[in-house]
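Everything on this sheet refers to the single structure shown next.
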Amino acid sequence: MAMYEEDVAVYDSRRPNEPTFAHSRPTTEPGWVKWTLILIGIAFMALVIVLPLVVVFIEAFRKGLETYLKSFSDRNAVAAIQLTLLVAVIAVPLNLVFGVAAAWAIAKYEFWGKAFLTTLIDLPFSISPVVSGMVYVLLFGAQGWFGQYLQDARIQIIFAVPGIVLATIFVTFPFIARELIPLMQDQGSQDEEAALSLGANGWQTFWRVTLPNIKWGLLYGVLLCNARAMGEFGAVSVVSGHIRGKTNTMPLHIEILYNEYNFAGAFAIASLLAMLALLTLIIKTVLEFRYGDELAGTRGH
Amino acid sequence: MDIRVEHVLKEFSRYPALDDVSLDIRSGELIALLGPSGSGKTTLLRLIAGLERPTAGQIFFGDEDASSKTVQERNVGFVFQAYALFRNMSVLENISFGLKVRPRATRPANADIRKRAMELLDLVQLSGMHDRFPQQLSGGQRQRVALARALAIEPRVLLLDEPFGALDAQVRKELRKWLREIHDKTGHTTVFVTHDQEEALELADRLVVMSRGKIEQVGSPDAIYDQPLNPFVFGFIGESSSLPVEIDNGEVWVGGRAVGLTADDTPVGHAQLYFRPHDVELVPEGAALAGVVAASRRVGGTRRVELEIGGNAQRVEIDLPFDHPAGEKTRIAFKPKRWKLYPAT
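Sequence lines, in order, name chains H and E. Note that the numbering used here numbers the first sequence so that position 118 is 118, with each residue one more than the last. Note that the numbering used here numbers the second sequence so that position 142 is 1142, with each residue one more than the last.
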């Protein structure tokens, strides 16, 4: 018995005759709502995201290609770029190890305080970067908790590269762990159990089974982690001390140049960071497109 | 390999998943752990494998106490419910995995590993599929790869967790027959977990019926089906109907009438009568169970009717020939050909 017949027009006194649009579905809003929303979205994106990005490149090239290229031959600019790369090269691999370890612990084991740890991992996302930097100053600074010991041992952390690395690690810690936790929870431990039952030891299981299963998610996390590590400003600004040619990363160098009204130079370095961001975005999109099912989903950061 | 499970207790955060379970598994037999979900059957299988550690009790492989051995040391072939094939490896690599991860001293030469894997592929009837990846295989094929992978390490015992759970009915039947053949060919002691009683009855030499962390009955399919020890087993294995009855004078009474069934040594008082719906005969009214048809439905080649017995509206199900003229409200008298009585607790 058919409940109702779709194709037969039946006069129904309870329902007013609404104009029917071709292909319009009963659960969809009318056309003007749809187009208004789309227009608001596009206008907002253009104003807030696309325009600033375009400005970066326009300003960078305002005084011509020669000035643009010259900005990079400045001694301090080179030092800033080198320092940024150095910080990323240290921070990202460390976070890779920490992230995998944390994700493994949370996804595969049950232990007391697990929910708390999971929440704690997100702390760097929710805390102000200035605070992230301040805590290290309070810990390792000259007047900090460990300041005296460090001074005696002639180790300088604050206003030096180690502090910048520490602050960067802190700020970028969640990227890899957050990417891997849902992925590993979703995959469960059956593959690992299978490998163990076949005689593999823990190390073999990790390299041959676990790692291949998470490799795209891991790459995705590393990518985002790297982009943030190179671009971090707030926390690094607090611990760096802004010593030109020594403790200035690219974002800090940009600020200094800008404050000195060297717009062309500031935007030239900024364009480099913007290009890094675009490149990250492209690789990320390719990864999502090709290996979407092996990533933890489409959560944006 | 004989396996002995002795007084095993397994608790998950204080909740007992297995409560004092003992079981002897004989070398070379195909044994089924059967029970509803939450009965502890998978936990028992994982304990035998070494994927879980018992809270108390011991597990022996032959004469050797395996309780504290790791899963690697126990050398068991475990086939997981969802197969757990390594998706980044081809079929051949999956099957060779267990041999390739062996320490150098006991690892066969690469050529030998390949040869062995190819033989196993033949055994599971997947010749020519060696360079496929798990995603390119059907469910039934994955199942067979998982089995070949488990067999590759020459396990002392083969353990299968719901081996046919994720397959459709047709493939299940084929694979069931095929698993029996493989077992007869290789002679491995095999334990498999299932919630499908039909599968267990058809495939296994012996059945272990479990419920709520305990073993209810162990026996051959015939023994379990024909001589269920308790109402749970009767109700869980095969179709069953039950009816509260009175026992007096060596006879079964329903609603103050003797129904012509002997009670043998069942004690006087309340009891529960169990019988199989298909194992009844229709009789003229008299000393028999009689009821009014309350509902009927066609089940394959027979018609299953629900009868309301007596005034207190107890319902039982029996099978009638599909062309039996009984309609609603028809009065039917019948006698079970075989029945069991369990004293009310």
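In this text, a Cβ means the ideal position worked out from N, Cα and C, and glycines have one as well.
Between Gly199(H) and chain E, is any beta-carbon pair separated by less than 8 angstroms? yes
Measuring only between beta-carbons, confirm whether Val329(H) sits less than 8 angstroms from chain E. This structure gives no information on residue 329(H), because the portion of chain H shown stretches from 1 to 301.
Report the option in Ser1241(E), Asp1161(E), Arg1053(E) and Val1283(E) whose CA atom is closest to the CA atom of Leu1034(E). Asp1161(E)
Measuring CB to CB, does Ala1287(E) end up less than 8 angstroms from Val1245(E)? no
Is there a Cβ of chain E sitting closer than 8 angstroms to that of Pro212(H), yes or no? yes
Can you confirm whether the stretch 1007 to 1023 of chain E touches the stretch 260 to 272 of chain H when touching is taken to mean that 3 or more C-beta pairs between the two stretches lie within less than 8 angstroms? no
By DSSP's criteria, Gly1062(E) is part of a beta bridge. Which residues make up the other side? According to DSSP, Gly1062(E) bridges with nothing at all.
Give the straight-line distance between the Cα atoms of Met184(H) and Thr1345(E), rounded to the nearest whole angstrom. 48 angstroms
Using the Cα positions of Ile1031(E) and Ile1025(E), report the straight-line distance between them to the nearest angstrom. 8 angstroms
Does Ala107(H) have its Cβ less than 8 angstroms from a Cβ in chain E? no
Could you check what DSSP says for Gln187(H) in three-state terms: helix, strand or coil? helix
Output needed in chain order: residues of the stretch 1092 to 1120 of chain E with a Cβ under 7 angstroms from some Cβ in chain H. Phe1097, Gly1098, Val1101 and Arg1102
Classify Asp1226(E) as helix, strand or coil using the three-state DSSP reduction. helix
Using the beta-carbon count (16 or more within 10 Å), is Leu39(H) buried or exposed? exposed
Give the single residue among Ala177(H), Pro251(H), Trp104(H) and Glu179(H) whose Cα lies nearest to the Cα of Ile164(H). Pro251(H)
Mind reading off the beta-carbon distance from Leu1341(E) to Ala1223(E)? Whole number of angstroms is fine, and I expect it under 8 angstroms. Leu1341(E) to Ala1223(E), Cβ: 18 angstroms. No contact.
Would DSSP call Pro1231(E) helix, strand or coil? helix
Would you mind telling me which residues of chain E sit closer than 7 angstroms to Gln204(H), beta carbon to beta carbon, in chain order? Val1101
Can you look up Asp1122(E) in the DSSP assignment and give me helix, strand or coil? helix
Counting contacts by CB-CB distance shorter than 8 angstroms, is Gln1072(E) in contact with chain H? yes
Rounding to the nearest angstrom, what Cα-Cα distance links Phe1080(E) and Leu1051(E) in this structure? 12 angstroms
Which word fits Tyr109(H), buried or exposed, when buried means at least 16 other C-beta atoms lie within 10 angstroms of its C-beta? exposed
Keeping to the same chain, check which residues put their C-beta closer than 8 angstroms to that of Lys1225(E); ignore five residues upstream and five downstream. It should be pointed out that residue 1225(E) corresponds to Tyr in this sequence rather than to Lys. Leu1201, Ile1237 and Gly1238.
Just the chain E side, please: which residues come within less than 7 angstroms of Asp186(H) by C-beta, in chain order? Going along chain E, no residue has its Cβ under 7 angstroms from Asp186(H), so there is no contact; the nearest lies around 13 angstroms.
Does DSSP put Gly1187(E) in a helix, a strand or coil? coil
C-beta neighbour in chain E for Ala194(H), strict 8 angstroms: yes
Length of the line joining the Cα atoms of Val1252(E) and Leu1261(E): 6 angstroms
Starting from the beta carbon of Gln190(H), find every residue of chain E whose beta carbon is closer than 7 angstroms, and list them in chain order. Phe1080, Ala1082 and Ala1084
Using a Cβ-Cβ cut-off of less than 7 angstroms, give me the residues of the stretch 1027 to 1058 of chain E that come near chain H, in sequence order. Ala1049 and Leu1051
Which residues DSSP lists as bridging Asp1323(E), in chain order: DSSP lists no partner for Asp1323(E).
Nearest-angstrom Cα separation, counted from Pro1325(E) out to Leu1307(E): 15 angstroms
Taking the alpha carbon of Phe1232(E) as the point to measure from, which residue in Asn1249(E), Ile1309(E), Pro1221(E) and Ser1211(E) has its own alpha carbon closest? Ser1211(E)
Where Phe175(H) and Cys225(H) are concerned, what is the direct C-alpha to C-alpha distance, given to the nearest angstrom? 5 angstroms
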